[in-house]
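With full-length UniProt numbering applied, the sequence shown corresponds to residues 1 to 462, in that order. Where is the CB? At the ideal position from N, CA and C, for every residue including glycine.
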Amino acid sequence: MSQRLTTLDTAFLHAEDTDPHTQLGIGGLAILDGPMPDHASLMATLAERIAVCPRFSQRLRRQMFDLSAPEWVDDDKFDLSYHVRRVAVPGSGSDDDLFRVVADVMSWRLDRNRPLWEIWLIGGMADDRWAMLVKVHPCLADAVATVHILTGLSDDGMAGGAAFERCVSNHPAGSALVASPPQNLQPAPRPSPWLSALRAPVQIAGDALAAARDVLRSSGEFAAGLQRPSSTLNGPVTSRRRYTAARVALDDVHQICRTFNVSVDDVALAALTESYRNMLLRRGEQPTAESLRTLVPSRKAVQLPYLPVHENNPVLRLRLVHARMEQLAGSGSGADGVVAAATRMLPFPVTSWALDLLARLPQRNVATMAVNVPGPRQPLQVMGCNVVGVLPIPPIGIQLRTAAAVLNYADKLFFGILADFDAVPDADELARGVEAAVARLLERSRRRRGRDRHGMALVVTA
């Protein structure tokens, strides 16, 4: 049973088609204790584990004149060796050398004529380590599902099966990832593309106008904000990328959460906010309350909060982040309502044209993206090698020159940052700034707890 992309997934293809420098591949990077198993054994193991996921051997077929959504079809020329590549880290094999390899891989597009994924086996790392990079197109899997795919390639067979099931539940386009779909479901009758083409132009125009009124009514602020000037974080991107990462102890983050009654997400966003604030100051820009509007996607909605990059006090900044995210969660509003409204009301050809036009419009309001990716709860192994780190890799595009993804694995919180090569030469300082921001909040937390304990002792003595 063939399946078609959703309108939102099709929008990712349009975003790439309208900008030759945009590629929206997302990834998960596992760092493993070595030595790397021999290539033949690795290929045999990956072939066995990938075989449970039929989508991995399917490619996209677009329809004539985009009269209907692209559909997944079996790739008769599927060759595992095309998708699984092996490369060695140059130089001394440091993390920085590894990140340069990752940046190069994330700089080019996946081949649309083949299944939209790659796995890179990366050797030559220092301290007897190696790495595995999973890269997929967002119309195949989202950031959460990408990490679940990585989990599914691990040695725990039960975890692997559950991981692929989660891919299905988390990403609509991945609903055929399961090997055996329920037998009681019958494919919906496929409308003839020629009937769609012959549909009365007046009726299509009426549908478009009705949907446009609804969309504009519900998204006036979002549409008006597209042209509002932002900062040097926003603008055209080149075809090359930089990748860097930050690591902080999860126990430290939990201590901050307990002290200030906030969530792990709040701490992560506050740390990113401080680092972006310092980046703007280094560039001679004065951060304002509207300098860092951030795309924050989740399973329920896509939020667009203004993160308090103008606030100098780290604790106040954390409290502001917490309050704004709580307010957005309570309001139930999100930018995804715009796309949902259009999807409900417009026939696909009109929706496709509208998304193509929207992708070509410059936006100057959203400055960056930050996504939280739940990581594996248990330590992983691949062919007996311990996975010592799992780093997320977000995409950049639509005028966003940086993006960050946050993932918890084992006892660490990992921040993966992808940036445009030319516009963000100080990407590594952004990562180091995140680590410094968490350390500063931890120090404030310890001082606060020390004062509280001292105050209690005075009360007891009195």
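Report the three-state DSSP secondary structure of Gly152 (helix, strand or coil). The three-state reading of DSSP puts Gly152 in helix, counting H, G and I together.
Residue range of the beta strand (DSSP E) that includes residue 488: Coverage of the chain is limited to positions 1 through 462, which leaves residue 488 absent and any answer about it impossible.
Could you check which residue in Leu116, Gly375 and Thr22 has the C-alpha nearest to that of Arg56? According to the sequence shown, residue 56 is Phe rather than Arg. Of Leu116, Gly375 and Thr22, the residue nearest in Cα terms is Leu116.
Tell me which residue opens and which closes the beta strand (DSSP E) that Arg61 is part of. Its beta strand (DSSP E) spans residues Gln58 to Arg61.
So which of Thr402, His39, Ile149 and His83 has the shortest CA-CA distance to Pro376? For the residues Thr402, His39, Ile149 and His83, the minimum Cα distance to Pro376 belongs to Ile149.
Counting along the chain, where does the beta strand (DSSP E) carrying Met369 start and finish? Element bounds for Met369: Val366 to Val373.
For the alpha helix (DSSP H) containing Thr128, name the first residue and the last one. Looking at the sequence shown, residue 128 is not Thr but Asp. First-last for Asp128: undefined, no H or E at that position.
Contact belief for Leu233 with Thr368 at Cβ below 8 angstroms, rounded distance in angstroms: Indeed, because the Cβ distance is near 6 angstroms, the residues count as touching under 8 angstroms.
Mark His322 as exposed unless 16 or more other C-beta atoms lie within 10 angstroms of its C-beta, in which case mark it buried. With 16 or more Cβ atoms within 10 Å of its Cβ, His322 is classed as buried.
Residue range of the unbroken alpha helix (DSSP H) whose run includes Ala44: Segment His39 to Ile50, the alpha helix (DSSP H) holding Ala44.
Leu407: which of Arg401, Val371 and Asp452 sits nearest, CA to CA? When the alpha-carbon of Leu407 is set against those of Arg401, Val371 and Asp452, the nearest one is in Val371.
So, at 6 angstroms on beta carbons, what are the nonlocal neighbours of Glu118 in its own chain, with the 5 sequence-adjacent residues on each side left out? Taking C-beta separations shorter than 6 angstroms and ignoring five residues to either side along the sequence, the partners of Glu118 in its chain run His83 and Lys135, following chain order.
Can you tell me whether Pro314 is helix, strand or coil according to DSSP? Residue state for Pro314 is assigned as helix, using DSSP reduced to three classes.
For His39, which residues in the same chain have their Cβ closer than 7 angstroms to its Cβ, ignoring the five residues on either side in sequence? Once the five neighbours on either side are set aside, the close Cβ partners of His39 are Arg86.
If we count Cβ pairs, one from each stretch, closer than 8 angstroms, do we get three or more for the region 426-444 versus the region 285-292? The region 426-444, when compared against the region 285-292, does not touch it at the 8 angstroms Cβ threshold.
Would you check if the distance between the CB atom of Pro395 and the CB atom of Gly416 is smaller than 8 angstroms? Contact: no.
Sub-8 angstroms separation of Glu435 and Val248 beta-carbons: Cβ atoms of Glu435 and Val248: closer than 8 angstroms.
Where do the N-terminal and C-terminal ends of the alpha helix (DSSP H) with Ile256 fall, by residue? Run containing Ile256: Leu250 to Phe260, per the alpha helix (DSSP H) assignment.
Between the Cα of Phe12 and those of Gly397, Met36 and Lys412, spot the shortest distance and give me the residue it belongs to. The option with the nearest alpha carbon to Phe12 is Gly397.
Cβ-Cβ separation, Leu441 to Leu318 (assumed contact under 8 angstroms), whole Å: About 6 angstroms separates the two Cβ atoms, so the contact holds.
Measure from the alpha carbon of Thr259 to the alpha carbon of each residue in Val315, Pro374, Val388 and Ala103, then state which is nearest. Thr259 has its Cα closest to that of Val315, out of Val315, Pro374, Val388 and Ala103.
Ends of the beta strand (DSSP E) at Ser294? Inspection of the sequence shows that residue 294 is occupied by Thr rather than by Ser. For Thr294, the enclosing beta strand (DSSP E) starts and ends at Arg293 to Pro297.
Just the C-alpha distance for Asp252 and Ser41, rounded to the nearest angstrom, thanks. Taking the straight line from one Cα to the other gives about 39 angstroms.
Less than 7 angstroms between the CB of Arg129 and some heavy atom of the ligand HEM, yes or no? As far as ligands go, the structure on display features none, and thus does not contain the ligand HEM.
Phe12 - DSSP class collapsed to helix/strand/coil: Here Phe12 sits in helix by DSSP.
Through-space distance from Pro20 to Ser331, alpha-carbon basis: Rounded to whole angstroms, Ser331 to Pro20 spans 37 angstroms at the Cα level.
Give me the Cα-Cα distance between Gly384 and Gly235, rounded to the nearest whole angstrom. Distance from the CA atom of Gly384 to the CA atom of Gly235, rounded to whole angstroms, is 45 angstroms.
What is the DSSP secondary structure of Glu290, reduced to helix, strand or coil? The answer is coil: DSSP assigns Glu290 none of H, G, I, E or B.
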